[in-house]
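Q:
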Amino acid sequence: MKKLILITLLACFSISNAQKSKRNKTIKGNEKEVTVSRTTPEYDKIEVGGSFDVKLISGKEGNITIKGDENLVELLKTEVVNGTLKVRFERGKMIKYNYKSTLEITIPFEQINGLSFSGSGNFFGKDVIKTENLEVEIAGSGNVKFESNTTNTKIARSGSGNLNVKGKTQNLEIESTGSGNANASELLAENVVASQTGSGNIKVNCSKKLVARSTGSGSIIYKGNPEKVDKSSSGSGSISGN
Numbered sequence: 026m027k028k029l030i031l032i033t034l035l036a037c038f039s040i041s042n043a044q045k046s047k048r049n050k051t052i053k054g055n056e057k058e059v060t061v062s063r064t065t066p067e068y069d070k071i072e073v074g075g076s077f078d079v080k081l082i083s084g085k086e087g088n089i090t091i092k093g094d095e096n097l098v099e100l101l102k103t104e105v106v107n108g109t110l111k112v113r114f115e116r117g118k119m120i121k122y123n124y125k126s127t128l129e130i131t132i133p134f135e136q137i138n139g140l141s142f143s144g145s146g147n148f149f150g151k152d153v154i155k156t157e158n159l160e161v162e163i164a165g166s167g168n169v170k171f172e173s174n175t176t177n178t179k180i181a182r183s184g185s186g187n188l189n190v191k192g193k194t195q196n197l198e199i200e201s202t203g204s205g206n207a208n209a210s211e212l213l214a215e216n217v218v219a220s221q222t223g224s225g226n227i228k229v230n231c232s233k234k235l236v237a238r239s240t241g242s243g244s245i246i247y248k249g250n251p252e253k254v255d256k257s258s259s260g261s262g263s264i265s266g267n
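In terms of the working numbering, the sequence shown opens at residue 26 and continues consecutively.
(1) With a cut-off of 8 Å on the beta carbons, I'd call P251 and K228 a contact; round off their distance for me.
(2) To which residues of the same chain is D152 closer than 6 Å at the C-beta, ignoring the five residues directly before and after it?
(3) Closest by CA to K80, which one among E215, N158, E129?
(4) Since N174 contacts P133 with CB under 8 Å, what's their CB separation in whole angstroms?
(5) Would you decide whether R116 is buried or exposed? Buried here means 16 or more other CB atoms lie within 10 Å of its CB.
(6) Tell me whether V153 sits in a helix, a strand or coil according to DSSP, three-state version.
(7) Output the distance between the C-alpha atoms of N189 and K170, rounded to the nearest integer angstrom.
(8) Does the distance from the C-beta atom of K248 to that of N230 stay below 7 Å?
(9) Can I137 and V161 be called in contact, C-beta distance under 7 Å?
(10) Check E99 in the structure and name its three-state DSSP category.
(11) Rounded to whole angstroms, what is the Cα-Cα separation between F77 and K253?
(12) Starting from S224, follow the beta strand (DSSP E) in both directions and report where the run begins and ends.
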């Protein structure tokens with residue numbers, strides 16, 4: 026009886042390990058490039074996680090285009106959950122791109138109020154994002170570039186990736202941690218709250234009130250001749266006008 030139980034346990038353990046190994050197996054692009062279109066419900070937020078190159082364009086929401094190796098495109102999930110478009114690989118999949126390929130994803134938008142981008146790919150906004158309130162979260166080593174026209178803009182950036190944003194906003198709240206840089210010098214803002222931690226730099230453009238806090242070795246650089254400046258710096262970083 027004990028021997029039977031032991032054999033059963035060993036069999037279950039072997040099956041479990043085999044399933045885990047299968048889930049964790051690295052999947053490499055097959056170099057068969059395809060371009061596919063997918064449709065989803067409308068969305069007001071976009072959340073992208075992975076090593077993709079994403080282009081945001083003005084257009085009818087839900088008509089998404091994906092270009093890349095056929096077997097990797099098949100593993101990419103695009104779904105809308107509670108108004109948020111989520112773009113990511115299936116959970117547990119380990120992906121390896123060929124040296125000459127990646128996934129290129131084109132996402133149309135009409136009006137969005139939230140962007141979340143994590144991973145090592147690049148995010149490019151081809152057309153201006155016009156909305157009342159815009160909240161942006163960026164994490165990882167990917168680079169993000171876009172233009173917006175808003176009343177309120179909130180940006181949180183972490184990791185080694187860089188951010189470049191331009192346009193107009195009345196109120197800007199921007200926070201940057203890690204070694205990447207956040208360049209909002211071409212985002213014309215009236216009131217700015219800027220917080221920097223780590224070795225990266227923040228650049229802003231402010232015309233009325235600036236509140237700036239810097240810790241670590243990074244700096245905050247501002248232009249626009251703000252009427253009022255409230256600044257505080259600790260560590261080797263600095264806060265200065267340009």
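Glycine residues also receive a C-beta, built at the ideal position from the N, C-alpha and C atoms.
A: This is what the structure holds:
(1) Here the question's residue 251 lines up with position 226 in the sequence shown. Here the question's residue 228 lines up with position 203 in the sequence shown. 14 Å between Cβ atoms; not a contact.
(2) For the purposes of this step, residue 152 is taken as the residue at position 127 of the sequence shown. I82, S83.
(3) Position 55 of the sequence shown, counted from the start, is the residue given in the question as residue 80. Of the candidates E215, N158, E129, the one whose C-alpha sits nearest the C-alpha of K80 is E129.
(4) Taking the sequence shown and counting its residues from 1, the one referred to as residue 174 is at position 149. Taking the sequence shown and counting its residues from 1, the one referred to as residue 133 is at position 108. Contact doesn't hold; Cβ gap of about 18 Å is too wide.
(5) What you label residue 116 is simply residue 91 of the sequence shown in a count that begins at 1. Under this definition R116 is an exposed residue.
(6) Locating residue 153 in the sequence shown gives position 128, where the first residue counts as 1. Three-state DSSP puts V153 in coil, outside helix and strand.
(7) Locating residue 189 in the sequence shown gives position 164, where the first residue counts as 1. Locating residue 170 in the sequence shown gives position 145, where the first residue counts as 1. Their Cα atoms are separated by approximately 5 Å.
(8) Reading the sequence shown from its first residue, position 223 is the one you call residue 248. Reading the sequence shown from its first residue, position 205 is the one you call residue 230. Result yes, Cβ atoms of K248 and N230 sit closer than 7 Å.
(9) Counting from 1 along the sequence shown, the entry for residue 137 is found at position 112. Counting from 1 along the sequence shown, the entry for residue 161 is found at position 136. Contact flag unset, no.
(10) If you number the sequence shown from 1, residue 99 lands on position 74. Of the three classes helix, strand and coil, the one that applies to E99 here is helix, per DSSP.
(11) Here the question's residue 77 lines up with position 52 in the sequence shown. Here the question's residue 253 lines up with position 228 in the sequence shown. Taking the straight line from one Cα to the other gives about 41 Å.
(12) Counting from 1 along the sequence shown, the entry for residue 224 is found at position 199. Here S224 belongs to no beta strand (DSSP E), and DSSP marks it neither H nor E.
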